[in-house]
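**Student:** Numbering of the sequence shown is given in our numbering, commencing with residue 1 and proceeding in unit increments.
Every residue gets a Cβ at the ideal spot worked out from N, C-alpha and C, and that includes glycine.
Every value quoted in this text rests on a predicted model; they were computed, and no experiment measured them.
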Amino acid sequence: MTKSLIPLPSTTHPIGPISRRWIAFSVIHKAGGPSWAVVDASTYELHPEASAYLHYLLGSARSTNTIRAYAQRLAAFFTWIGPARLDWTEGVPVVSRFIRELAVTALDTPDGTAEYREPRYRSGKTMNQYAAAITQFYMWAARSDLISEKTAAGFYETRIAYGYSGDRLLPGQVSRSRAVRAKEVEEAPKLMNETGAKSLLEAVSNHRDRFLVALMMETGVRIGEALGLRTEDLHLFHDSRAVGCAAAGPHIHVRRRQNPNAALSKSSNPRTVPVTETVCTLYYPYLEDRIDLLAQDSSPMVFVNLYSRAHAGEALKYSNTVKMFYRSSGRTGLRVNPHMTRHTAATRWKRAGVPARDVQALLGHRSPSSQLVYEHTSDQDLRDAIEGVRYGRSNPS
Numbered sequence: 001m002t003k004s005l006i007p008l009p010s011t012t013h014p015i016g017p018i019s020r021r022w023i024a025f026s027v028i029h030k031a032g033g034p035s036w037a038v039v040d041a042s043t044y045e046l047h048p049e050a051s052a053y054l055h056y057l058l059g060s061a062r063s064t065n066t067i068r069a070y071a072q073r074l075a076a077f078f079t080w081i082g083p084a085r086l087d088w089t090e091g092v093p094v095v096s097r098f099i100r101e102l103a104v105t106a107l108d109t110p111d112g113t114a115e116y117r118e119p120r121y122r123s124g125k126t127m128n129q130y131a132a133a134i135t136q137f138y139m140w141a142a143r144s145d146l147i148s149e150k151t152a153a154g155f156y157e158t159r160i161a162y163g164y165s166g167d168r169l170l171p172g173q174v175s176r177s178r179a180v181r182a183k184e185v186e187e188a189p190k191l192m193n194e195t196g197a198k199s200l201l202e203a204v205s206n207h208r209d210r211f212l213v214a215l216m217m218e219t220g221v222r223i224g225e226a227l228g229l230r231t232e233d234l235h236l237f238h239d240s241r242a243v244g245c246a247a248a249g250p251h252i253h254v255r256r257r258q259n260p261n262a263a264l265s266k267s268s269n270p271r272t273v274p275v276t277e278t279v280c281t282l283y284y285p286y287l288e289d290r291i292d293l294l295a296q297d298s299s300p301m302v303f304v305n306l307y308s309r310a311h312a313g314e315a316l317k318y319s320n321t322v323k324m325f326y327r328s329s330g331r332t333g334l335r336v337n338p339h340m341t342r343h344t345a346a347t348r349w350k351r352a353g354v355p356a357r358d359v360q361a362l363l364g365h366r367s368p369s370s371q372l373v374y375e376h377t378s379d380q381d382l383r384d385a386i387e388g389v390r391y392g393r394s395n396p397s
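1) Grouping DSSP H, G and I as helix and E and B as strand, with all else coil, what is Tyr156?
2) So does the segment 313-333 actually touch the segment 194-209, counting three or more Cβ pairs closer than 8 Å?
3) Please classify His400 as buried or exposed, where buried requires at least 16 neighbouring CB atoms within 10 angstroms.
4) Does the beta-carbon of Glu277 have 16 or more other beta-carbons within 10 angstroms, so that it is buried, or is it exposed?
5) DSSP three-state label for Met216, please.
6) Give the range of the alpha helix (DSSP H) segment to which Asp40 is assigned.
7) When we look at the beta-carbon of Thr64 and count the other beta-carbons within 10 Å, is it buried (16 or more) or exposed?
8) Is the Cβ-Cβ distance between Ala262 and Pro34 less than 8 Å?
9) Give me, in chain order, the residues of the same chain whose beta-carbon lies closer than 6 Å to that of Thr151; leave out the 5 immediate sequence neighbours on both sides.
10) Going by DSSP, what residue range makes up the beta strand (DSSP E) through Trp22?
11) With burial defined as no fewer than 16 other Cβ atoms inside 10 Å of the residue's Cβ, what is the status of Arg73: buried or exposed?
12) Short of 7 Å in beta carbon distance, which residues of its chain neighbour Arg20, apart from the five on each side in sequence? Order them along the chain.
13) Helix, strand or coil for Leu227, going by three-state DSSP, please let me know.
14) One question on the structure: do Val204 and Glu225 come within less than 8 Å of each other, judged by their Cβ atoms?
15) Which word fits Arg159, buried or exposed, when buried means at least 16 other C-beta atoms lie within 10 angstroms of its C-beta?
16) Could you check which residue in Asp239, Ser199 and Arg100 has the C-alpha nearest to that of Lys183?
17) If you draw a straight line from the alpha carbon of Gln258 to that of Glu118, how long is it in whole angstroms?
18) Using beta-carbon positions only, say whether Pro274 and Gly313 come within less than 8 Å of one another.
19) If we count Cβ pairs, one from each stretch, closer than 8 Å, do we get three or more for the segment 40-54 versus the segment 136-152?
20) Have a look at Lys125 and Leu334 and give me their C-alpha separation to the nearest angstrom.
21) Pro110 to Arg120, Cα distance in whole Å?
22) Which two residues bound the contiguous beta strand (DSSP E) that contains Thr272?
23) Using the Cβ count rule (16 or more neighbours within 10 Å means buried), how would you classify Pro338?
24) Report the partner residues of Ala315 according to the DSSP bridge assignment.
25) State the Cα-Cα distance for the pair Leu316 and Arg327, rounded to the nearest angstrom.
26) Grab the span of the beta strand (DSSP E) containing His365 for me, first residue to last.
27) Taking DSSP's pairing of strands, which residues face Ile252 in a bridge?
Shown next, in the form of structure tokens:
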């Protein structure tokens, strides 16, 4: 259900009715594009502050998926505030209490089920995603004069780290960190080995999805970047000068723009990513299916619905792609989500000796440190390092 709603600021009291439940709600903004708001679940009345903030995010060119995630987290926060009879403008004490209660609240309850199941709880990473979204809301609230600068300042802790060079005290390095944080348990990285990647491709049931999975595994592009590709972004010939592109070899162009399926490149910087012959070869069977199955095809998007009569020709959406990954990987006994392809590609490049600056360019990162989360060291990597040093085989560089 979608309504045309434009959230506007309000001076309503920060403590709402005890029984009010807020939900994230899909809306159409004034320019005609999709966005999200926080509304009362019964009356669909806008939550003034939360919805105004989400409207600000839209103006800041944040992706629809990001705005939706923030809307869901803010809706949960303001729903919790009502029964707790707390004033959200008090800042850190309120948010800290919310995160603590979030940690001990089960995601589902076993009551009424045929057999007992252990309740599941949110991970530290998930709670930090809540904390980050709410913290950014408070920063906006301070800039909008809804709370004091002093209240906003409490959301960050400033530390000064000193060091020594011999007997000389070096200047301190100032760093900031969020004051409201949950402890995260480090989990083993989720990667696909060569066998798993091959099994996944074989399990995919149609040419379109096989091309999509192969493209993501080979190039490391994000799901939003893949679904946002347009046919003009595919340059699969060895020489693309005929279409005005000087980049050599088969490649794709990743660009940030608004798309009908709300897919959006995370980075505002366009980049060119080479593709392999394998990816090129898989594209043409999909193209043949597209020509055969669509009586009318006017979509500029690379990935469109072919197998749903009601939505034939429409741009493929994020939710359907995630389901496809889970459905296909389930046939192999694995559980693969789209982002695992990005981690797998980056780790494969690292182990193959690809220079860090090239990995950074392929992943579309501005900062070299951003790629560290995608570089996973295996037990075998560590063993090879030890054995190499022991027998004098290590590379000193």
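**Tutor:** On the basis of the data shown:
1) The sequence position of residue 156 within the sequence shown is 156, counting from 1. Tyr156 falls in the strand class under three-state DSSP.
2) Touching, yes, given that three or more Cβ pairs across the two stretches are closer than 8 Å.
3) Within the shown structure, residues of the chain are numbered from 1 to 397, placing residue 400 beyond reach of any answer.
4) In the sequence shown, residue 277 corresponds to position 277, counting from 1. Burial call: exposed.
5) The sequence position of residue 216 within the sequence shown is 216, counting from 1. Helix at Met216.
6) Walking along the sequence shown from the start, residue 40 turns up at place 40. Unbroken run through Asp40 is the beta strand (DSSP E), Pro34 to Asp40; no alpha helix (DSSP H).
7) By one-based count along the sequence shown, residue 64 stands at place 64. It is buried - the Cβ of Thr64 has at least 16 other Cβ atoms within 10 Å.
8) To locate residue 262, count along the sequence shown from 1; it is residue 262. To locate residue 34, count along the sequence shown from 1; it is residue 34. Going by C-beta atoms, Ala262 is nearer than 8 Å to Pro34.
9) For the purposes of this step, residue 151 is identified with residue 151 of the sequence shown, where counting begins at 1. Gly91.
10) Here residue 22 is taken as the residue at index 22 of the sequence shown, counted from 1. Unbroken beta strand (DSSP E) run through Trp22: Trp22 to Ile28.
11) Translated into positions along the sequence shown, residue 73 becomes position 73. Label assigned to Arg73: buried.
12) Residue numbering aside, residue 20 sits at position 20 when the sequence shown is read from its first letter. Taken in chain order, the residues that qualify are Asp40 and Gly82.
13) What you label residue 227 is simply residue 227 of the sequence shown in a count that begins at 1. If DSSP states are grouped into helix, strand and coil, Leu227 belongs with the helices.
14) The sequence position of residue 204 within the sequence shown is 204, counting from 1. The sequence position of residue 225 within the sequence shown is 225, counting from 1. Not a contact, by the Cβ cut-off of 8 Å.
15) Along the sequence shown, one-based indexing puts residue 159 at 159. So Arg159 counts as exposed.
16) Residue 183 sits at position 183 when you count from the first residue of the sequence shown. Ranking Asp239, Ser199 and Arg100 by Cα distance to Lys183 puts Arg100 first.
17) Translated into the one-based positions of the sequence shown, residue 258 becomes position 258. Translated into the one-based positions of the sequence shown, residue 118 becomes position 118. Within the model, the alpha-carbon separation for Gln258 versus Glu118 is close to 42 Å.
18) As a position in the sequence shown, residue 274 is number 274, starting the count at 1. As a position in the sequence shown, residue 313 is number 313, starting the count at 1. The answer is no: Cβ separation not under 8 Å.
19) yes
20) Within the sequence shown, the letter at position 125 stands for residue 125. Within the sequence shown, the letter at position 334 stands for residue 334. Between Lys125 and Leu334, the C-alpha separation is close to 23 Å.
21) Within the sequence shown, the letter at position 110 stands for residue 110. Within the sequence shown, the letter at position 120 stands for residue 120. Here Pro110 scores only 47 on pLDDT, less than 50, and its place in the model is too uncertain to base an answer on.
22) Taking the sequence shown and counting its residues from 1, one reaches residue 272 at position 272. Start and end: Arg271 to Pro274.
23) Here residue 338 refers to the residue found at position 338 when the sequence shown is read from its first residue. By the neighbour-count rule (16 or more Cβ atoms within 10 Å), Pro338 is buried.
24) Residue mapping note: residue 315 aligns to position 315 of the sequence shown, counting from 1. According to DSSP, Ala315 bridges with Val304.
25) Against the sequence shown, residue 316 aligns to sequence position 316. Against the sequence shown, residue 327 aligns to sequence position 327. C-alpha separation (whole angstroms): 16 Å.
26) Taking the first residue of the sequence shown as position 1, residue 365 is located at position 365. Unbroken run through His365: none, as it is neither H nor E.
27) Stepping through the sequence shown from its first residue, residue 252 is reached at position 252. Residue pairing by DSSP places Ile252 opposite Leu234 and Val273 in a beta bridge.
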